[in-house]
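One structure is given below, encoded as structure tokens.
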Amino acid sequence: MPKVKVARKSTWVDMTAMTDVAFLLLTFFMLTSNFVKKEPVSVYTPSSISEIKIPETNIMTILVDKSGKVFFGIDGQNNRQQLITNMAQKYGVTLSEIEIKQFTLLDLSGNPIGAMKTYLGMKTEDRDKPGNNLGIPVDSLDNQLRNWVKTAREINRESRIAIKADEDTPYPVIRTVMKTLQQIDENRYNLITRLEGGAI
Amino acid sequence: MADVSQDSGSHKKGDGKKRSKKASTRIDFTPMVDLGFLLITFFMLTTSMIKQQTMEITMPSDKKVTEENQTVAKASQAVTLLLAKDNKVLYYFGQAENAQIIETDYSATGLRQILLEKNYEIAKQVEDLRIEKGKTKMSDEDYRKKLTEIKSGKNAPIVRIMATDDASYKNLVDALDEMNISSISRYAIVDIDSIGKEIVKRQQ
């Protein structure tokens, strides 16, 4: 029986089609993407049936974590620059150009204004370490959150307030935040929730 | 991955004539695909496709309400929810003095059942409206208008949500969520009063 000769085929695969697909997908993701905001603490929001979507722009976010630390952030680098400049002025804190620049890159920040200088001087990777985020003071003696929101409101009249809190946050903390907003006549705001049964 | 040029070796046949070497027009795309997928992976991991959901809430103003502006709720319409610890809810209808205090939870058979029963008429009308919207081509604007009309009906219950210090944020959101589910538009988050505190204390 003669040996069956196996025809040698070239191992060359045409990659052109694959490139097409890869770049098509890439284009899609580039155009639809909005980047995940970096949050200094991880927060697991409670679920609700509400399906109203939160806008991406003109938003101030108040983030409250499980232990009751409060963080605050607004969108837009120009707005942030104005915010930190005004806040520093109000509290008589001097910040250098570089520190202000650093602040504009932060989505959310949570430190008393007094500790802001040290915080902004830190390396990026050190910032998330426990102990470096003290939370914005909200107690009645020194309510800095009120001034943050007030200053942010002066910069952007249109912006909405969104409260994002962990589901295990004790109610007294939320009440303090709500009371703070009430004091400055901010009576309409959004509570960020996760869709019932959703993963995030 | 290197491609072996297909016309390599042709010069070996050597018939003396010098031929310019024909270079292959094929380009190896493999690195480009690699790069493409690397970037895709990056974008896939950094994007947030799901926009965050939100619940809109309007709180009463801090300003003192004058006597004549104050709306007095009928006792028969009032429902008070006390959000206690361990995911429990205490509720009573009307005034605390002569009301029965009942304990329930946030499940579909708990608080929702009670609120739906209390708000039965309105919930039914809302449901009817929703069906009607599905059948006829009602514009969203009309729908919303009618919805508000129904929800603010005269006999709509008024719910006071009082959270104790032991309640968590989840409890509050759950309670607010139940308001949306059972089509109650008149509700308020109020500070717990002394009567409420007393009740919670007694129940534990």
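Line by line, the protein sequences are chains A and B. Letter by letter, the first sequence follows residues 1 to 200 in this note's numbering. Letter by letter, the second sequence follows residues 201 to 404 in this note's numbering. C-beta atoms are modelled at their ideal positions from N, C-alpha and C, and glycine is treated no differently.
Contact the stretch 218 to 226 of chain B vs the stretch 333 to 348 of chain B: 3+ CB pairs below 8 Å: no
Residue closest to I62(A), alpha-carbon to alpha-carbon, out of T118(A), T124(A), V41(A): V41(A)
DSSP state of Y343(B) mapped onto helix, strand, coil: helix
Within-8 Å CB hit, S224(B) to chain A: no
Own chain partners of A152(A) with C-beta closer than 6 Å, once the 5 adjacent residues on each side are dropped: M60, I74, L83
Option nearest P231(B) by Cα separation, candidates V36(A), F72(A), K90(A), M18(A): M18(A)
Closer than 8 Å to chain B by CB, V93(A): no
Beta-carbon separation (whole angstroms), D305(B) vs N319(B), contact threshold 8 Å: About 19 Å separates the two Cβ atoms, so there is no contact after all.
Three-way DSSP call (helix, strand, coil) for K333(B) in this model: helix
E256(B) at chain A interface by Cβ criterion, 8 Å: yes
Proximal chain A residues relative to I381(B), where beta-carbon distance stays under 9 Å: Those are I49, listed as they occur along chain A.
L282(B) vs V359(B) beta-carbon contact at 8 Å: no
Spatially closest choice to I192(A) from K117(A), N147(A), I161(A), by CA coordinates: I161(A)
Per DSSP, the bridge partner or partners of I163(A): I62(A), L191(A)
P170(A) versus N78(A), E39(A), P46(A), residue with shortest Cα-Cα distance: P46(A)
Span separating the alpha-carbon of Y189(A) from that of I257(B): 6 Å
Cβ-based burial, Q313(B) [other Cβ within 10 Å; buried from 16]: Exposed, by the Cβ-count rule.
Cβ neighbour criterion (16 or more within 10 Å) applied to W148(A): buried
Minimum Cβ-Cβ distance from T57(A) to chain B less than 8 Å: At a cut-off of 8 Å, the C-beta of T57(A) has no neighbouring C-beta in chain B.
Under 8 Å by beta carbon: chain B residues contacting K53(A): K251, Q252, Q253, T254
Residue burial classification, Q77(A) (beta-carbon count within 10 angstroms, cutoff 16): exposed
C-beta neighbour in chain B for Y189(A), strict 8 Å: yes
Status (buried if at least 16 other CB within 10 Å, exposed otherwise) for M255(B): buried
F103(A) versus T180(A): straight-line alpha-carbon distance, rounded: 24 Å
Continuous beta strand (DSSP E) stretch holding R360(B): start and end: 358 to 363
Any beta strand (DSSP E) of 3 or more consecutive residues that is wholly inside the stretch 59 to 133 of chain A: 59 to 64, 70 to 74
CA-to-CA distance, T247(B) to L239(B), given in whole angstroms: 12 Å
Neighbouring residues, chain A, relative to F237(B) (Cβ below 7 Å): Within chain A, the residues near F237(B) are A22.
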